[in-house]
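K.L.:
Encoded as structure tokens, here's the structure I'll be asking about.
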Amino acid sequence: MKRLSVFNVVSLTFGFAFLYVPMLILILFSFNESKLVTVWAGFSTKWYGELMQNEAMLQAAWVTVKVAVFSSTIATVLGTMAAYVLVRSGRFLGRTLFSGMIYAPLVMPEVITGLSLLLLFIGIGLDRGVLTIVLAHTTFSMCYVSVVVSSRLATFDRSLEEAALDLGCSAAEAFRLVTLPIIAPAVVSGWLLAFTLSLDDLVIASFTTGPAATTLPIKIFSAVRLGVSPEINALSTLMITIVTVGVIAASLVSKRALVKQRQEEQEAVRTS
Amino acid sequence: MAEKPLIQFRNVTKRFGDFTAIDNLTIDIFEREFFALLGPSGCGKTTMMRMLAGFETPTEGEIFLAGQDIVPVPPNQRAVNMMFQSYALFPHLSVWENIAFGLKREGMPKPEINARVEEMLRLTRLEKFARRRPHQISGGQRQRVALARSLAKAPKLLLLDEPLGALDRKLREETQFELMDIQEKTGTTFVIVTHDQEEAMTVASRVAVMDNGQVMQVATPADIYEAPNSVYVADFIGDVNLIEGKVSATGDGTFALHWRDGAEPLRVKSPTGFAEGQTAHLAIRPEKVTISAERPAEAANAVQGKVLDIAYLGNLSTYHVELPTGDIIKAQTANTRRISRRDYTWEDTVWLSWTATGGVLLAN
Amino acid sequence: MGRHRLAVLDGHWRRLVGELMRRFLLIAIPYIWLLALFLVPFVIVLKISLSDAAIARPPYFPQFDWAEGIRAFIAELDFENFLWLVEDDLYWKAYLSSLRIALTSTALTLIVGYPIAYGMARAPEEWRPTLMMLVILPFWTSFLIRVYAWKGILSNEGFLNQFLLWSGLASEPLQILNTTTAVYIGIVYTYLPFMILPIYAALERMDDSLIEAAEDLGCSRLSAFWLVTIPLSKGGIIAGCFLVFIPAMGEFVIPSLLGGSDTLMIGKVLWEEFFSNRDWPVASAVAVILLLILVVPIVLFQRNQQKEQESEE
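Residue numbers (my numbering), protein chains in the order written: chain D, 11 to 282; chain Y, 119 to 482; chain Z, 5 to 317.
Right, dumping it as structure tokens:
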């Protein structure tokens with residue numbers, strides 16, 4: 011039985027206040043009547059209205075979502091393959107290089123990744139635009155996906171696959187019918203991670219984009235560089251809301267599944 | 119007992135919210151005793167130990183150590199040390215540093231620490247492992263490090279929380295004797311918490327059987343086994359046949375237990391008196407019941423039945439005998455002969471008999 | 005009979021080839037992707053960093069031409085850009101200043117993050133998943149937005165200055181935005197979850213009876229914390245520090261939004277060298293050196309992670 015000491019209560023309170031108060035202030039001032047984001051002048055939703063009228067912003071949002079959907083989907087496929095290779099394929103020529111290339115992008119400064127990809131695209135004469143951003147995002151987010159999936163694969167009971175093979179599955183069937191359903195939650199969270207990474211990315215997108223494709227972070231960055239504006243607050247509020255709802259919903263779903271499983275287990279014990 | 123107790127619990131109650139872990143408990147533990155708190159999990163034995171160590175404070179009542187009320191004393195200032203169930207060895211320190219940990223806190227001079235740690239290593243036969251980390255030694259060795267660490271400060275009282283629970287059976291038996299040996303050598307008072315009755319019976323000089331926050335009986339292991347004071351204790355310790363019936367006195371400290379209509383009453387000698395017609399239980403250990411093919415001539419009690427099951431334990435066999443009334447009585451015999459030459463087998467009709475002093479009559 | 009056996013063999017053979025083919029593709033597809041889009045670009049950066057700047061587009065020279073042969077190509081490479089980096093004090097000042105800012109903000113993040121992680125690990129079991137989610141949630145929200153949030157707070161008319169003036173702690177608005185202080189605040193704020201999570205994981209794994217054992221052996225609360233809790237959470241502390249230090253070193257968004265013109269950070273220098281000065285070879289050389297600086301902490305970090313994993317088993 012643990013007592014929460016005064017010190018712990020204070021540090022938790024201050025810690026979480028530090029994490030959340032800035033965002034709350036941001037949200038608060040998105041409903042401000044005045045253009046100044048520091049002085050409260052009454053409640054208004056006019057900045058949301060203005061945001062909806064901002065063609066360029068909407069266009070950028072659309073590009074961003076498109077890029078995120080494509081890149082995270084390809085990254086999930088490639089990342090799952092890579093995870094399977096890392097955990098299951100044993101030794102092969104260049105395995106060390108392979109795992110190095112999976113882990114390196116996780117710690118590589120974005121400016122370097124962005125610069126190097128841009129130089130590649132110019133070198134091979136690829137026109138910069140949505141395609142190049144998708145390629146770039148896929149490359150770094152597939153590494154995140156493969157880390158998430160491989161940690162699930164590593165704890166996965168190998169005898170389940172062996173049982174499938176024993177019961178007559180081919181290797182591909184065993185993967186499709188047994189492995190994939192079991193690692194599915196990790197694959198889904200890998201996709202979500204890749205999706206948010208792509209939505210958030212400013213630096214790599216700035217390097218690899220061309221004049222035709224502007225993503226939302228690039229748009230926001232060029233706007234906020236000049237100063238604060240309530241319209242950006244409104245946009246931020248929308249993004250924070252979507253993410254918060256998404257994360258809470260996902261955690262509730264997984265918690266519910268866990269509770270249900272536990273109840274069923276208890277039920278099974280009770281009725282046996 | 120004339121000597122002054124080392125530990126006195128005086129009307130101690132401990133509540134966690136609505137749950138009463140210890141209920142108005144009074145108990146004395148004497149110097150140089152090896153005292154066991156025995157009971158099923160959740161009976162309050164661990165709470166009692168943690169109150170002695172200072173990790174819990176009683177809701178009501180007082181605890182004295184050598185005459186001093188220790189309730190307000192924090193754990194780091196008590197002359198009490200504890201050996202944790204998980205051993206709680208510091209994984210980042212070597213065996214040597216683990217043992218020296220408490221001595222360093224006392225500010226003991228370095229040469230003395232060295233001498234004391236060496237002494238403890240010798241006592242627990244760990245000299246060879248002094249430089250190792252806890253994860254580099256076996257479970258039995260870890261147990262000895264934990265013991266050495268808690269003994270190093272020469273506490274007045276050593277608390278052992280399920281000290282042998284993590285060891286396998288063979289090692290546990292060896293270690294039990296080692297513990298008794300070390301307790302004798304150091305002369306420290308040991309209080310051990312365990313749910314394993316065999317362990318408590320083997321190591322302890324006195325045992326307190328606990329249930330639901332109360333002490334049911336405090337006595338030597340032999341008394342607990344042979345003269346339990348309640349059905350709970352009789353049933354908790356070892357194997358027992360419990361036969362319920364109504365008592366009538368037949369004089370001379372002997373009682374008749376009417377246990378089934380039509381059946382011959384059972385004769386029991388009891389030092390405690392019973393009212394006429396009172397409901398009571400006869401508790402008789404299986405090894406006190408003799409099994410024979412013919413009705414023995416001079417038995418105080420004899421019943422006939424059919425062998426239902428035989429549990430062969432190697433040195434012993436337990437016969438489950440079904441009486442015509444449907445009751446099952448267990449009888450145990452030592453296997454002095456090889457199995458192929460055993461006298462009784464399934465479905466045989468046999469006689470079970472026991473003396474008037476073989477069992478104990480217990481009120482409900 | 006012979007033909008039948010052959011047919012079986014053929015089927016077997018085909019299955020084996022199919023299996024091998026599948027295994028080959030499984031490895032080859034992600035492998036080639038990473039080679040083409042991670043390793044090759046990197047080699048290009050290295051190559052360009054050794055080239056001369058040219059006005060023509062692409063602005064670097066020599067371009068690789070197979071006909072010319074490797075020998076001629078190598079003869080044209082030089083370390084001029086690296087010499088340039090050494091000679092112009094802007095660059096090494098930027099590296100030093102990045103290093104200083106990254107180290108200081110890592111230390112600050114540790115000071116802020118440790119008590120939070122400790123409080124979480126001590127909190128009642130049923131709160132912990134919620135607290136955990138509260139720490140992770142900001143990680144899912146846009147980095148850019150979280151940095152932007154501070155712009156409004158730290159500005160001269162911002163929330164913080166209004167509070168300081170109102171409470172009388174300051175008599176005139178403090179210049180915080182566009183200074184290095186703002187960069188520290190930004191880094192601590194955005195990277196805090198990276199510090200909290202590994203420390204929390206280490207503390208949560210710790211057996212409570214170890215603290216009780218220390219107290220039982222004569223430690224006060226504080227000395228038990230110092231002698232047992234801190235050493236046992238060391239792995240988490242190290243992991244957290246690397247997770248903050250490594251990205252902070254190459255940080256671009258925070259110094260460019262919150263820092264002033266005198267806040268030198270190498271990520272910002274690289275960006276400007278590339279986008280404003282369009283000097284690609286120098287930008288590449290800057291990137292190569294930044295990476296060389298980061299190799300040491302990255303290797304140390306990997307080693308620490310491996311050690312942690314082993315100690316868990």
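Note that CB positions come from ideal geometry on N, CA and C, so glycine has one too.
These numbers were taken from a predicted model, which means no experiment stands behind them.
Straight-line CA distance for Z:Asn281 to D:Val121?
P.N.:
The C-alpha of Z:Asn281 lies about 16 Å from the C-alpha of D:Val121.
K.L.:
Looking at Z:Tyr193: is its Cβ nearer than 8 Å to the Cβ of D:Pro119?
P.N.:
The Cβ-Cβ distance between Z:Tyr193 and D:Pro119 does not fall below 8 Å.
K.L.:
List in chain order: all unbroken beta strand (DSSP E) runs of 3+ residues lying wholly within the stretch 315-374 of chain Y.
P.N.:
324-329, 332-337, 359-369
K.L.:
With C-beta atoms as the reference, is Y:Thr307 less than 8 Å away from Y:Lys274?
P.N.:
yes
K.L.:
With distance defined between alpha-carbon atoms, name the residue in Z:Leu30, Z:Leu41, Z:Pro301, Z:Ala243 nearest to D:Leu136.
P.N.:
When only C-alpha atoms are compared, the closest one is Z:Leu41.
K.L.:
Is it the case that the Cβ atoms of Y:Ser212 and Y:Arg262 are separated by a distance below 8 Å?
P.N.:
With contacts defined as CB atoms closer than 8 Å, Y:Ser212 and Y:Arg262 fail to qualify as a contacting pair.
K.L.:
Return the bridge partner residues of Z:Glu129 from the DSSP annotation.
P.N.:
Paired residues: none, contrary to the question.
K.L.:
How is the alpha helix (DSSP H) around D:Val73 delimited, first residue to last?
P.N.:
65-98
K.L.:
Going along the chain, which residues of the stretch 247-268 of chain D sit with their C-beta nearer than 7 Å to a C-beta in chain Z?
P.N.:
Met249, Ile250, Val253, Thr254, Val257, Ser261
K.L.:
Please classify D:Val194 as buried or exposed, where buried requires at least 16 other C-beta atoms within 10 Å of its C-beta.
P.N.:
Note that residue 194 of chain D is Ala in the sequence shown here, rather than Val. D:Ala194 comes out exposed.
K.L.:
Terminal residues of the continuous alpha helix (DSSP H) containing D:Leu268?
P.N.:
240-281
K.L.:
Counting contacts by CB-CB distance shorter than 8 Å, is Z:Gly222 in contact with chain Y?
P.N.:
yes
K.L.:
Can you tell me which of the three DSSP states D:Ser160 falls into?
P.N.:
helix
K.L.:
With three or more beta-carbon pairs closer than 8 Å as the criterion, would you say the stretch 172-183 of chain D touches the stretch 153-162 of chain D?
P.N.:
These segments do not touch.
K.L.:
Could you check what DSSP says for D:Phe205 in three-state terms: helix, strand or coil?
P.N.:
DSSP places D:Phe205 in helix when its eight states are reduced to three.
K.L.:
Confirm, please, whether the CB-CB distance from Y:Ile310 to Y:Leu241 is below 8 Å.
P.N.:
no
K.L.:
Under 8 Å Cβ-Cβ, which residues of chain Y neighbour Z:Ser213?
P.N.:
Phe202, Gln203, Ser204, Ala206
K.L.:
Candidates Y:Glu344, Y:Leu183, Y:Ile145: which alpha carbon is nearest Y:Val478's?
P.N.:
Minimum Cα distance to Y:Val478 is reached at Y:Glu344.
K.L.:
Could you check whether D:Phe150 and D:Thr1 sit closer than 8 Å to each other, using their CB atoms as the reference points?
P.N.:
Chain D is shown from 11 up to 282; residue 1 of chain D falls before or after that span and cannot be answered.
K.L.:
Under DSSP, the alpha helix (DSSP H) around D:Ala181 begins and ends at which residues?
P.N.:
181-184
K.L.:
I'd like to know whether the C-beta atoms of Y:Trp377 and Y:Glu362 end up nearer to each other than 8 Å.
P.N.:
With respect to the 8 Å criterion, Y:Trp377 and Y:Glu362 are classified as neighbours on the basis of their beta carbons.
K.L.:
Quick one: what's got a C-beta closer than 6 Å to Y:Arg267's C-beta in the same chain, skipping five residues either side?
P.N.:
Sequence-distant partners of Y:Arg267 (beyond 5 residues in either direction) whose C-beta falls short of 6 Å from its own C-beta, in its chain, are Asn216, Ile217.
K.L.:
Tell me Y:Ser435's beta-bridge partners as DSSP assigns them.
P.N.:
Y:Tyr430, Y:Thr451
K.L.:
Whose C-beta lies closer than 8 Å to the C-beta of Z:Gln309 among residues of the same chain, with five residues either side of it excluded?
P.N.:
Ala243
K.L.:
Does the beta-carbon of Z:Val187 have 16 or more other beta-carbons within 10 angstroms, so that it is buried, or is it exposed?
P.N.:
buried
K.L.:
What does Z:Pro235 reach in chain Y if we use C-beta pairs closer than 7 Å?
P.N.:
Listed along chain Y are His210, each with a C-beta nearer than 7 Å to that of Z:Pro235.
K.L.:
I'd like to know whether the C-beta of D:Ser126 is nearer than 8 Å to at least one C-beta of chain Z.
P.N.:
Yes, because at least one Cβ of chain Z sits closer than 8 Å to the Cβ of D:Ser126.
K.L.:
Pick helix, strand or coil for Y:Leu207, following the three-state DSSP scheme.
P.N.:
coil
K.L.:
Among all the DSSP beta bridges, which residues are the ones paired with Y:Lys387?
P.N.:
Y:Thr372
K.L.:
By how many angstroms is the C-alpha of D:Gly100 removed from the C-alpha of Z:Phe28?
P.N.:
Linking Z:Phe28 to D:Gly100 through their CA atoms gives a straight-line distance of about 13 Å.
K.L.:
Name, going along the chain, the residues of the stretch 133-156 of chain D whose beta-carbon falls closer than 9 Å to a beta-carbon of chain Z.
P.N.:
Gly133, Leu145, Ala146, Thr148, Thr149, Phe150, Met152, Cys153, Ser156
K.L.:
Who are the near neighbours of Y:Thr408 in its chain, counting only those whose CB is closer than 6 Å to its CB and skipping five residues on each side?
P.N.:
For Y:Thr408, same chain residues with a beta-carbon under 6 Å away, outside a window of 5 residues either side, are Ser471 in chain order.
K.L.:
Give a yes or no on whether the C-beta atoms belonging to Z:Ile120 and D:Leu127 are separated by under 8 Å.
P.N.:
Against a cut-off of 8 Å, the Cβ pair of D:Leu127 and Z:Ile120 comes out as no contact.
K.L.:
Please determine if the stretch 224-232 of chain D and the stretch 203-216 of chain D are in contact, where contact requires at least 3 C-beta pairs separated by less than 8 Å.
P.N.:
yes
K.L.:
How is Y:Asn199 classed by DSSP in three states: helix, strand or coil?
P.N.:
Looking at Y:Asn199 - three-state DSSP - the assignment turns out to be strand.
K.L.:
Can you give the Cα-Cα distance for Z:Asp92 and Z:Ser101, rounded to whole angstroms?
P.N.:
15 Å
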